[in-house]
Amino acid sequence: MADNRAIDALYEENRKFAPPPALVKSAKTNSDEIYTKGGDFQAFWEERARPLPWKTPWSRVLDWSGAPFAKWFTGATLNVTESCLDRHAAQTPTKVAYYFEGEEGDSRTITYSDLLEEVNRFANGLAELGVQKGDRVAIYMGMIPEFPVALLACARLGAIHSIVFGGFSPEALADRINDAKAKVVITCDQSRRKGQTVDLKALADTALERCDSVEHVVVVARTGAEVNRVPKRDVDYEQLVSRQKPIRAAAECSSEDPLLILYTSGTTGKPKGIVHTSGGYLVGATTTHQEVFDLKPEDVYWCTADIGWITGHSYVVYGPLANGATSVIYEGVADYPDKDRFWAIIEKYRVTQFYTAPTSIRTFMKWGKAYPEEHDLSSLRILGTVGEPINPEAWMWYRDVIGQGRCPIVDTWWQTETGHMMISPLPAVTETKPGSAPKPLPGISADIVDDDGNSVPFGGGGCLALDQPWLGMARTISNDPNRFVETYWARFSSPGEGRWRYFAGDGAKRDANGYFWLLRRVDDVMNVSGHRISTLEVESALVDHPTVAEAAVIGRANPITGQATAAFVTLKAGVKGNETLIAEVREQAAGKIARPASIVFTEDPPKTRSGKIMRRLLRDISEQRKLGDVTTLTNADVVQEITKRAQLQAKLEE
Ligand code: WTA
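Note that the sequence shown ends on residue 707 in the numbering used here; no numbers are left out.
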């Protein structure tokens, strides 16, 4: 009988990959001494903070006296845009900051000096509209160059940006604008997606019907479509910036002044406005970007995340720019005009580091290797993943097909709340194992604990807890500090003893060598006949089957076993599902972990716009509950089909 308080660690993965010798030779960080240095984490982070252009130095590295509300680099002042722009515009003005690739094939090249001038112009424009230090500005845009310009223009003024992903509904936008009391909204006429246009301005107008705080809306013309203009309130971006000067002194901000608010969905209703501040966040994003990607001056780096997610904030904008990197920004989807678009972009710009999400990798697997094989991917050096656990088979495919066996994979675990990467390999130091985000980065500390907060020995699983403050940690939840303490700190901290542990919400296990394996949110752990089984591990066993591209597993209520394992399986292109295949796939999973009670083939599992599978919805379908709102899904049309097949399957089982 399993221990009810920990998670059973069932899936075993024994393949190992050492860093390539040539990389070990050339990388700046190539020895595990860095972990020893990270042991004295305050001294370690202080050393990394020094090279940035601060206006006033700090008196203290960390003030943890108000735990769990941290203060880093107290007394120091800076403006993050000086780290991101001015110093590079001075030293390498013609270096490319962004290669922009439009979905329709149009492109723009933006140097550091161009970017600084544009940011200054827009900062002046926002100032003309009355935006001041500490004001909140909401941004609702497509992936175009004006998107990073908008963030940076806010930061230049010391205004706080609150980005709302351009795929969100007017409802979601309005809630976020109101919670942040945004004074200005920056949007575009339309965004492009999969050969179509989305009327962002019209969606914003709908949202604004119930937002009283907004004084102005700045509209960037992306497609030039006619849009509704509210006199006095709405301002054309081009008209606004063209009358401004390209210089603007950067506002002096304290290290702990808020830089941004980013809303993340909670398990219950109201989204949480995660607040990040300036100094610590910037140092964290910059150094992790540098070290995890072994960044070199001549690299061309591409993170496919939308800037509307934290990955885009930290690893499309702040980290890469502060490092003076050259990045690619791509406006559209991976299968427009065809399924080889990403590989064509890598070939075109000679991309060296590619950072994407497991959901995309599984989609590429489903489409097949013919698409990447049409292109020259020899420029790639390092591959990264983020956003959810990656199944070993997807990891291997990424390594073999995209990396051609040559590129180390950095599986980076972190969250909106952590601000930057926390658990990840260092490409020239760490031996990697498919599916494992191996260990906390230097200066970061994590543990796996059982429900009582006791550390679980190697070989076991439990809850992932972070037991030491870090630079980019969320400082609070906007307008709700109590919720911040309750959600993240209450469960495993003992304030009386001065012991603070952040609970990430994720389950994890550690193998005999101390490698971490993330097992997804603890709410996604099933309890089948008293065994606590991670849905992820069953999925990985399913994806091991050569015909399976993607699997989503949930625990469906069952009167006998508590929960039964229900699997939704997507087959690779060209494979036809039938009863024989169901039996075969089921036996394969049984041999590795546990036999799913039911398997339903689906074209595609239902996914959120950030690519995460909506497991709650699959549970509702399996337990034949009435379904809630599905319009936020990227593929709402699959729901009906899945429901039909699940009902059929349930009948067969009776
Ligand atoms: C999951 C994204 C396993 C995890 C940066 C976390 C991961 C949540 C990984 C945060 C990874 C992210 N391996 N799981 N490498 N990266 N996650 O806030 O459940 O959008 O808690 O931040 O994604 O998602 P968020």
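Idealized CB from N, CA, C, for every residue including glycine.
**Prompt:** Which of helix, strand or coil does DSSP assign to PRO493?
**Reply:** strand
**Asked** Going by Cα to Cα distance, which pick from GLY372, GLN641, GLU592, ILE327 is closest to THR623?
**Response** GLU592
**Own chain residues within Cβ distance below 6 Å of GLY365, not counting five before or after** = ALA358, ASP359
**GLU441 CB to nearest heavy atom of the ligand WTA below 6 Å** = yes
**Request:** Flag this pair as touching only if the region 538 to 545 and the region 480 to 498 have three or more C-beta atom pairs under 8 Å; answer yes or no.
**Result:** no
**Item:** Selection from GLU400, LEU634, ASP429, ASP393 that minimises the alpha carbon distance to ILE414
**Value:** ASP393
**Message:** For ILE476, which residues in the same chain have their Cβ closer than 8 Å to its Cβ, ignoring the five residues on either side in sequence?
**Reply:** THR465, TRP466, TRP467, ALA490, PRO491, LYS492, PRO493, LEU494, ILE497, ALA499, PHE569, LEU571
**Request:** Classify LYS124 as helix, strand or coil using the three-state DSSP reduction.
**Result:** strand
**Prompt:** Beta carbon of THR276, beta carbon of ASP242: below 7 Å?
**Reply:** yes
**Item:** Cβ neighbour criterion (16 or more within 10 Å) applied to ALA75
**Value:** exposed
**Prompt:** Quick one: is PRO478 buried, meaning 16 or more other Cβ sit within 10 Å of its Cβ, or exposed?
**Reply:** buried
**Request:** Check whether the Cβ of GLN406 lies closer than 6 Å to any heavy atom of the ligand WTA, and answer yes or no.
**Result:** no
**Prompt:** Does at least one heavy atom of the ligand WTA sit under 6 Å from the Cβ of ASP559?
**Reply:** yes
**Prompt:** Roughly how many whole angstroms lie between the Cα atoms of ASP56 and HIS584?
**Reply:** Any reading at ASP56 is ruled out, since the residue's pLDDT is 44, under 50, leaving its predicted position unreliable.
**Asked** When you compare each of VAL638, GLY361, LEU312 to THR600 by their alpha carbons, which one comes out closest?
**Response** VAL638
**Request:** Closer than 7 Å by C-beta to PHE99: which residues in its own chain qualify, once you throw out the five before and the five after it? Chain order, please.
**Result:** It is Glu, not Phe, that sits at residue 99 in the sequence shown. These residues qualify, in order along the chain: VAL114.
**Asked** Who are the near neighbours of LEU256 in its chain, counting only those whose CB is closer than 6 Å to its CB and skipping five residues on each side?
**Response** PRO223
**Asked** With burial defined as no fewer than 16 other Cβ atoms inside 10 Å of the residue's Cβ, what is the status of GLU283: buried or exposed?
**Response** Before going on, a small fix: residue 283 reads as Val here, not Glu. With fewer than 16 other Cβ atoms within 10 Å, it is exposed.
**Asked** Is ASP56 helix, strand or coil by DSSP?
**Response** Reliability of the predicted coordinates at ASP56 is poor, the pLDDT of 44 falling under 50, and no value is obtained from them.
**Message:** If contact is defined by three or more beta carbon pairs under 8 Å, each pair taking one atom from either stretch, is the region 211 to 218 in contact with the region 179 to 195?
**Reply:** yes
**Message:** Within 7 Å of any Cβ in chain B, is that where the Cβ of ASN566 sits?
**Reply:** In the structure shown, chain B does not exist; there is a single protein chain.
**Asked** DSSP three-state call for ASN231: helix, strand or coil?
**Response** helix
**Request:** Taking all protein chains shown into account, decide if GLY512 is buried (16 or more other Cβ within 10 angstroms of its Cβ) or exposed.
**Result:** exposed
**Pairwise C-alpha distance: ALA604 and ASP116** = 45 Å
**Prompt:** Does the beta-carbon distance from VAL381 to TYR152 come in below 7 Å?
**Reply:** yes
**Request:** Quick one: grab the DSSP three-state call for ASP690.
**Result:** coil
**Request:** Could you spell out the range, first to last residue, of the alpha helix (DSSP H) harbouring PRO411?
**Result:** 411 to 420
**Asked** Should the region 555 to 564 be regarded as contacting the region 514 to 521, the criterion being three or more beta carbon pairs within less than 8 Å?
**Response** yes
**Item:** N- and C-terminal bounds of the alpha helix (DSSP H) containing ILE398
**Value:** 394 to 402
**Message:** Using CA atoms only, rank isn't needed, just tell me which of SER432, PHE395, THR529 is closest to PRO121.
**Reply:** THR529
**Unbroken beta strand (DSSP E) run spanning PRO784, endpoints** = Coverage of the chain is limited to positions 54 through 707, which leaves residue 784 absent and any answer about it impossible.
**Prompt:** Does the beta carbon of CYS616 fall short of 6 Å from some heavy atom of the ligand WTA?
**Reply:** The residue you asked about is not Cys; residue 616 is Gln in the sequence shown. No.
**First through last residue of the beta strand (DSSP E) which encompasses ALA80** = No beta strand (DSSP E) holds ALA80; DSSP gives it neither H nor E.
**Item:** Which of helix, strand or coil DSSP assigns to ASN177
**Value:** helix
**CB contact flag (PHE97, LYS108, <7 Å)** = no
**Prompt:** Hey, ASN688 and PRO659 are a contact pair by Cβ (cut 8 Å); roughly how many whole angstroms apart?
**Reply:** 6 Å
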